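Trainee: My structure is below; once you've seen it, I'll send some questions.
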Amino acid sequence: MDITLEVNGETRHLSIDPRVTLLDALRERLGITGPKKGCDRGQCGACTVHVDGRPVLACLTLAATVREPVRTVEGLAADGRPHPVQQAFAEQDALQCGFCTSGQVMSAVAAVEQEVADVREFMSGNLCRCAAYPNIVAAVEQARSTKESADARV
Amino acid sequence: MDFLAPTSWAEALECKAAHPDAVAIAGGTDVMVELNFDHRRPPALLDLNRVPELADWALDDGRVRLGAGVPYVRVISELGHLLPGLAMAARTVGSPQIRNRGTVGGNLGAASPAGDSHPALLAAFASVEIGSVRGTREVPVAEFFTGVKRSVLEPDELISAVLVTPPSGPQQFSKIGTRNAMVIAVSAFGFALHPDTRTVGTGIGSAAPTPRPAPEAAAFLAGELEAAGLWSSRGALPATLATEFGRRVRDAAAPIDDVRGSAAYRSHALSVMARRTATWAWDAYRDENRSAA
C-alpha cells in the first residue's frame, strides 16, 4: 500500500506492506536510523520518536496509521547547532554506549517542552543498560533551566 | 494483507461486517507486539484512528461516554475527577510513550486478564458499548470477559465506548509489578465506594482467567458497613473488617503460577491490596465529610 509520511518537515511517499512499523519504515525504507531497534516490543524506548509532538514508540506504531508529522532525533538540530537537550546530554556526559541515547533525547525533549514535574517518572519508558540515569536526569534538568532562562529573556 | 481505514463509525461497522476476521487496531501498542514477532498474521487490519466518533469523551445522560479511541494520556489529564479509578489505573499503563497511543477500547478488545483498565472499570460498575451493522448493545464489564483474551464481542462487532457513571465516592487502584514502567501486572485490584447506593465495587486483575469482580467480598463489606452504621457516621473502618474483606477478595481469585509470579504470591498480594485500597478509600470518604462540614 502507498502511504505518505511527513518526517522532520519533509513529505515522503513510500509503498509498504501494511504490517510495517513506523520504526522499520523510518530505518529500512527512509534511511532515518536515529531511532534504534532495541527490543521491538515496546519495553526499551530506544525507538522513541515524536508523532504530532508527543513521544511514542515507533516499534509499536503501525506506519500506515500515522498521518501526523513525525520528528526523529535527526530533526532536532537547527542552523547546524545541536538542540539544547542534545547539548545538555553532551555536557552532562549523559551516555556511555549511546545506543539508547536518541530515544532518551526524544523523551527528554518532550519532558522539557511539557515542563513535566517528575523527570524520572516521565523518562521511565527509556532504559539505559549502561545505567547513565543520574547524568540523564541532570541533562534534562540542565536543558530545562536553559529553557527557563531563555523563556525569561523573551 | 488488507488494510482497511474507514473514516466514519458507520463505515467502520460495514468494514467489520465485510471482514469479520479483520483485527481492529487503535494505538497499536498491543496488536503490534504480536505482529512484530509473527505470533499473529491477520488477513486484514482495521485502522480505527480515522473514525472521529471514537476520538472523544462526553457526559451523556448522566454518564461519561468515553470513546474507545481516547488515549490514556487524556484519561489521566481530563478525567481524573470523573473517572478517578480509571485515571489511576491509566497512570500505571506502560510508559508515557505507550500512554500517548494506547486506549481503553484497545485494552478491552485485547481482553487480557492483566489489562490495567479492567479492575477499575469493574469497580466502577462500567459498561461496554458495542456496535455492529446489526445495532448497538451495552454489556456490563463484569459480563464482558469470557476467557483468557476472550470476550463477548462477535466477529462483526467493534467496541465504540465505555460508559461509566461518575463516582459518588472515592475510588482506588493498586497494582504490583517489577518495574515502574512497562510492567504487566503480577496482580492488580480496583476498589470503589458507592455511597449513593451503599455498595462497594471491586475488580481483580491478573489473578484469574479473566478480570473479575469479587461480589461476595463486596457485599460482605457493604453489609458490615451498613450494620455498623458507618455509611452515615463515617466512623473509622475497623482494621479487622478491612482484613476480612482482603481475605474474601483473595478467595474470589483463581491465580496461576507463571513467569510473573506464583499463585500463592498473587493471592497474598491481592488480600493486601484489597485491605489497603478499602482503607484508603474509606479514609478519603471520611475526609470528604470533614471538609464539607
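Note that the protein sequences, when read in sequence, are chains U and W.
Quick note on numbering: numbering that gives the first Met the number 0 labels position 7 of the first sequence as 6, and the sequence is numbered without any gaps.
Quick note on numbering: numbering that gives the first Met the number 0 labels position 217 of the second sequence as 216, and the sequence is numbered without any gaps.
Just so you know, even glycine gets a beta-carbon here, dropped at the ideal spot from N, CA and C.
All figures in this text were calculated on a predicted structure; none of them were measured in a lab.
1) With the cut-off set at 8 Å, would you say A63/U and L22/U are in Cβ contact?
2) Using CA atoms only, rank isn't needed, just tell me which of E142/W, R178/W, K174/W and D195/W is closest to S167/W.
3) If you measure from the beta carbon of M87/W to each beta carbon in chain U, is any gap under 8 Å?
4) Nearest CA to the CA of E52/W: which residue from T242/W, G26/W, T6/W and T276/W?
5) DSSP has Q170/W in a bridge; who is on the other side?
6) By DSSP, does G124/U sit in helix, in strand, or in coil?
7) Give me the Cα-Cα distance between A187/W and A76/U, rounded to the nearest whole angstrom.
8) Measuring only the C-alpha atoms, how far is V248/W from W281/W?
9) Unbroken alpha helix (DSSP H) runs of length 4 or more, entirely within the region 185 to 240 of chain W: which are they?
10) Mind checking if L55/U is an interface residue toward chain W, Cβ cutoff 8 Å exclusive?
11) Any beta carbon from chain W within less than 8 Å of L59/U's own beta carbon?
12) Taking only beta carbons into account, state which residues of the region 37 to 56 of chain W come closer than 7 Å to chain U, listed in chain order.
13) Thinking C-alpha only, which one of A107/U, P68/U and G102/U is nearest P83/U?
14) Report buried or exposed for G202/W, applying the criterion of at least 16 other Cβ atoms within 10 angstroms of its Cβ.
15) Would K15/W pass as a contact of A21/W if the rule is Cβ separation under 8 Å?
16) Quick one: using the 10 Å Cβ neighbour count with 16 as the cut-off for buried, is A58/W buried or exposed?
17) What are the residues of the region 19 to 34 of chain W that lie near chain U, defined by any Cβ-Cβ distance shorter than 7 Å?
18) Any beta carbon of chain U sitting closer than 8 Å to that of N106/W?
19) What are the start and end residues of each continuous alpha helix (DSSP H) run of 4 or more residues lying completely inside the region 47 to 128 of chain W, in chain order?
20) Give the straight-line distance between the Cα atoms of T239/W and G176/W, rounded to the nearest whole angstrom.
21) Using three-state DSSP, classify P83/U as helix, strand or coil.
22) What is the DSSP secondary structure of Q60/U, reduced to helix, strand or coil?
23) Between the C-alpha atoms of G234/W and R274/W, what's the straight-line distance to the nearest angstrom?
24) Rounded to the nearest angstrom, how far is the Cβ of V55/U from that of R100/W, given a contact under 8 Å?
25) Got a sec: which bits of the region 120 to 153 of chain U sit with their beta carbon under 9 Å from any beta carbon on chain W, in order along the chain?
26) For P210/W and L121/W, which I take to be in contact (beta-carbon distance under 8 Å), what is that distance rounded to the nearest angstrom?
27) Work out the CA separation of A24/U and S14/U for me, nearest whole Å.
28) Please classify A160/W: does DSSP put it in a helix, a strand, or coil?
29) Can you give, in chain order, each stretch of the beta strand (DSSP E) that sits fully within the region 24 to 58 of chain U and has at least 3 residues?
30) What span of residues does the beta strand (DSSP E) with D1/U cover, start to end?
31) Since I believe A217/W is in contact with V199/W (beta carbons under 8 Å), could you give me their beta-carbon distance rounded to a whole number of angstroms?
32) Could you pull the DSSP bridge partners for T20/U from this structure?
33) Using 10 angstroms around the beta-carbon of R40/W, count the other beta-carbons present and answer buried if the total reaches 16, otherwise exposed.
34) Quick check on the burial criterion: 16 or more other C-beta atoms within 10 angstroms. Buried or exposed for R338/W?
35) For A89/U, count the other beta carbons within 10 Å of its own beta carbon; 16 or more makes it buried, fewer makes it exposed. Which is it?
36) Is it true that the region 114 to 126 of chain U meets the region 135 to 153 of chain U, where meeting means three or more beta-carbon pairs spaced less than 8 Å apart?
Mentor: Concretely, from the data shown:
1) Not closer than 8 Å, so no.
2) Closest by alpha carbon: D195/W.
3) Contact with chain U is absent for M87/W, since none of that chain's Cβ atoms lies less than 8 Å from the residue's Cβ.
4) Nearest option by C-alpha distance: T6/W.
5) Looking at the DSSP output, Q170/W bridges to A191/W.
6) Coil.
7) Roughly 43 Å separates the two Cα atoms.
8) Each residue's alpha carbon lies about 17 Å from the other.
9) Runs found: 214 to 226 and 229 to 232.
10) In the sequence as presented, Leu is not what sits at residue 55/U; that position holds Val. It does: the Cβ of V55/U has a partner Cβ on chain W nearer than 8 Å.
11) Yes, L59/U counts as interfacial toward chain W.
12) The residues in question are L44, D46 and N48.
13) Of the listed residues, the one whose Cα sits closest to P83/U is A107/U.
14) G202/W should be labelled buried.
15) Yes, these two residues count as a Cβ contact at 8 Å.
16) Checking the sequence shown, residue 58/W turns out to be Leu, not Ala. An exposed status is given to L58/W, since fewer than 16 other beta-carbon atoms sit within 10 Å of its beta-carbon.
17) For chain U, the residues of the region 19 to 34 of chain W that bring a beta carbon within less than 7 Å of one of its beta carbons are I24, G27, T28, M31, V32 and L34, in chain order.
18) No, N106/W lies away from the interface with chain U (no Cβ there is under 8 Å from its Cβ).
19) Runs of the alpha helix (DSSP H) inside the region 47 to 128 of chain W: 71 to 77, 83 to 90, 95 to 98, 103 to 109 and 116 to 122.
20) Here the alpha carbons of G176/W and T239/W stand approximately 27 Å from one another.
21) When DSSP states are grouped into helix, strand and coil, P83/U belongs to the helix group.
22) The question names Gln, yet the displayed sequence has Thr at residue 60/U. Here DSSP, grouped into helix, strand and coil, assigns T60/U to coil.
23) Those two C-alpha atoms are separated by around 17 Å.
24) That belief holds up - the Cβ atoms of V55/U and R100/W are roughly 5 Å apart, short of 8 Å.
25) Here the close residues are E120, F121, M122, S123, G124, N125 and L126.
26) Beta-carbon to beta-carbon, P210/W and L121/W are separated by about 6 Å, close enough to satisfy the 8 Å threshold.
27) Rounded to the nearest angstrom, the two C-alpha atoms are 10 Å apart.
28) The answer is strand: DSSP assigns A160/W an E or B state.
29) You should have 47 to 50 and 53 to 56.
30) Note, D1/U: beta strand (DSSP E), D1 to V6.
31) That pair is a contact at about 4 Å.
32) Residue pairing of T20/U in beta bridges, as defined by DSSP: L61/U.
33) By the neighbour-count definition (other C-beta atoms within 10 Å, threshold 16), R40/W is an exposed residue.
34) In the structure displayed, chain W extends from 0 to 292; residue 338/W sits before or after that span and is not available.
35) By the 10 Å Cβ count, A89/U comes out exposed.
36) Yes, the region 114 to 126 of chain U is in contact with the region 135 to 153 of chain U.
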